[in-house]
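Mapping of the sequence shown onto UniProt numbering: residues 1 to 410, in sequence order.
All residues carry an ideal CB built from backbone N, CA and C; glycine is no exception.
These numbers come from a predicted model, not from an experiment.
What follows is a single structure, written as structure tokens, with notes after it.
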Amino acid sequence: MNFPFYIARRYLFSKKSTHAINVISLISVLGVAVATMALVVVLSGFNGFSDLVASFFTNFDPQIKIEAAKGKAMSANDPLLLKVKKLPMVEVATECVEDQALAVYHDRQAMVNVKGVEDNFDSLTHISNILYGEGDFRLHTANLQYGVLGIRLAQDLGTGVEWQDYLHIYAPQREGQYDASNPTDAFVKDSLISPGVLFQVKQMKYDKGYIITSLEFARRVFNRQGEITSLELRMKPGVDIDKAKEEIQTLLGDNYKVLDRYEQQADTFNIMRIEKLFAYVFLTFILMVACFNIIGSLSMLIIDKKNDVITLRNLGATDGQIRRIFLFEGRMISAAGAVIGIALGLLLCWLQQTYGLVQLGDQAGNFVVNAYPISVHPEDIITIFLTVILVGWLSVWYPVRYMSRKLTRD
1 MNFPFYIARR YLFSKKSTHA INVISLISVL GVAVATMALV VVLSGFNGFS
51 DLVASFFTNF DPQIKIEAAK GKAMSANDPL LLKVKKLPMV EVATECVEDQ
101 ALAVYHDRQA MVNVKGVEDN FDSLTHISNI LYGEGDFRLH TANLQYGVLG
151 IRLAQDLGTG VEWQDYLHIY APQREGQYDA SNPTDAFVKD SLISPGVLFQ
201 VKQMKYDKGY IITSLEFARR VFNRQGEITS LELRMKPGVD IDKAKEEIQT
251 LLGDNYKVLD RYEQQADTFN IMRIEKLFAY VFLTFILMVA CFNIIGSLSM
301 LIIDKKNDVI TLRNLGATDG QIRRIFLFEG RMISAAGAVI GIALGLLLCW
351 LQQTYGLVQL GDQAGNFVVN AYPISVHPED IITIFLTVIL VGWLSVWYPV
401 RYMSRKLTRD
């Protein structure tokens, strides 16, 4: 066994001549453990909210979305896109045309995103899981065109789940000149009827601003014949999404952007990652403050073991070995605090996941979930452990080096 480590281990668990040193050592371990536990719980809380938001988008966003790198639209008959559709890993491919328009129902109106999709859209996403109403998910029947509204948009327009009259859609003309004497000629006007259902993603972006309709209707309103604004894909079960994305991007080249679900909602998830990073930084500062207890504990231990140091030097121990004894002591205190804190943090996370100890509200239905969501990521636990060890080592390195050098000189 390493000599300095052996002596440090004996010092850590042996009874000191001054009882206060044992108490301060215990406080040091508990301080590091509490800070470590806070890191585990808080970062797991951020993970829980991130995973919860991602689960909402899963019902509406495709696994992979292909867009033009420049401009808004691309040719639906591009040979590269046709080749992507035929890839063995692709289970469902849906052409989409999406743009902004004005929706008018009776005396109410709202700016919306009209998204025209193919009939297999319900196979591409899990939209059937978020529908409300007595009707079915339909996009068209013969010459009739249906519109599936977000639930908040339906409230704003006053349509209800199933409206009886036409919902009018106005989109700007893409070609021609504006005639001030007849402003209505500057818009393409068409109408949608109700299929008897609404959707609720539980994200305001979609629930308040989207209408899903047929690809034919969107192409006609936005004058996108032969064009699409995106190609949305669902992979076969077992396919690695990241590898599939890289393969498709290589096939398409720089003229197209291939986006996974997180990149489709980059703004939302970037904000959440930044918030998590700030929480990690602030809690690390608290951990650094907790590590000052280790310095106090080691300082008193060095003074307490002054006679032992003289004995060790007489037995042939070098000044470097003596310094390493107290450095190992500080590292073991940090490691013990890290292990205890991670264990307690994981226990609290398990209790929250299992029993929902911390509630979001007193009344059911006020929030999407009743209790704070928690998700433990292994990479976070590894990062926390390494952070505690690194901060503990750095916090004791100079003080121990200075005091042990002074002690050996004396």
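Mapping DSSP to helix, strand and coil, what is residue i?
i	result
Ala174	Reading off the sequence, residue 174 comes out as Arg, not Ala. DSSP places Arg174 in coil when its eight states are reduced to three.
Leu390	helix
Ser194	coil
Glu275	helix
Lys185	The amino acid at residue 185 is misidentified as Lys; the sequence shows Asp. Helix.
Arg234	strand
Gln164	coil
Gly150	strand
Phe137	coil
Ala336	helix
Leu283	helix
Gln321	helix
Asp240	coil
Ser128	helix
Gln265	coil
Ser25	helix
Ser17	Reliability fails at Ser17, whose pLDDT of 49 lies under 50, so the model's placement of it is uncertain and the value that follows must be treated cautiously. If DSSP states are grouped into helix, strand and coil, Ser17 belongs with coil.
Leu351	helix
Met372	Contrary to the premise, residue 372 reads as Tyr rather than Met in this sequence. Of the three classes helix, strand and coil, the one that applies to Tyr372 here is coil, per DSSP.
Alpha carbon to alpha carbon, what distance is there between residue j and residue i?
i	j	result
Thr213	Met111	16 Å
His168	Ala103	6 Å
Thr94	Gln359	40 Å
residue 464	Leu157	With the chain running from 1 to 410 in the structure shown, residue 464 is simply not present.
Ala101	Phe46	36 Å
Ser375	Gln145	42 Å
Lys86	Thr268	32 Å
Gln321	Phe328	10 Å
Thr250	Gly71	20 Å
Pro223	Asn113	The question names Pro, but residue 223 is Asn in the sequence shown. Taking the straight line joining both Cα atoms gives about 15 Å.
Asp380	Val258	28 Å
Ile248	Cys96	18 Å
Thr284	Leu131	44 Å
Pro172	Phe187	4 Å
Ile127	Arg138	12 Å
Lys129	Gly209	As written in the sequence, residue 129 is Asn, which differs from the Lys given in the question. Each residue's alpha carbon lies about 19 Å from the other.
Ser17	Arg324	Because Ser17 carries a pLDDT of 49, less than 50, the predicted location of this residue cannot be relied on, and the following value inherits that uncertainty. Roughly 21 Å separates the two Cα atoms.
Gly356	Phe282	26 Å
Tyr398	Phe326	11 Å
Taking 8 Å as the cut-off, decide whether the C-beta atoms of residue i and residue j are in contact.
i	j	result
Ile66	Leu252	yes
Val400	Leu287	no
Tyr170	Ile193	no
Met235	Glu98	no
Ile333	Val32	yes
Ile241	Gln353	no
Met74	Glu232	no
Val396	Gly296	no
Leu43	Ala279	yes
Asp51	Pro378	no
Cys349	Val41	yes
Met300	Ile27	no
Phe49	Met272	yes
Asn255	Ala69	yes
Lys276	Ile211	no
Ile389	Ala317	no
_Could you check whether the segment 288–295 touches the segment 55–66, counting it as contact only if at least three pairs of C-beta atoms, one from each stretch, sit closer than 8 Å?_
At 8 Å Cβ cutoff, the stretches do not touch.
*Mind listing, in chain order, the continuous beta strand (DSSP E) runs of no fewer than 3 residues lying wholly within the segment 56–123?*
64–68, 90–105, 108–117
*Per the contact definition of three or more C-beta pairs closer than 8 Å, is the segment 336–343 in contact with the segment 27–46?*
yes
*Could you say if the segment 244–264 and the segment 142–162 meet the contact criterion of at least three C-beta pairs nearer than 8 Å?*
no
*the segment 156–163 / the segment 190–207 touching (three or more Cβ pairs under 8 Å)*: yes
*Would the segment 229–249 and the segment 78–90 be scored as touching if the rule is three or more Cβ pairs under 8 Å?*
yes
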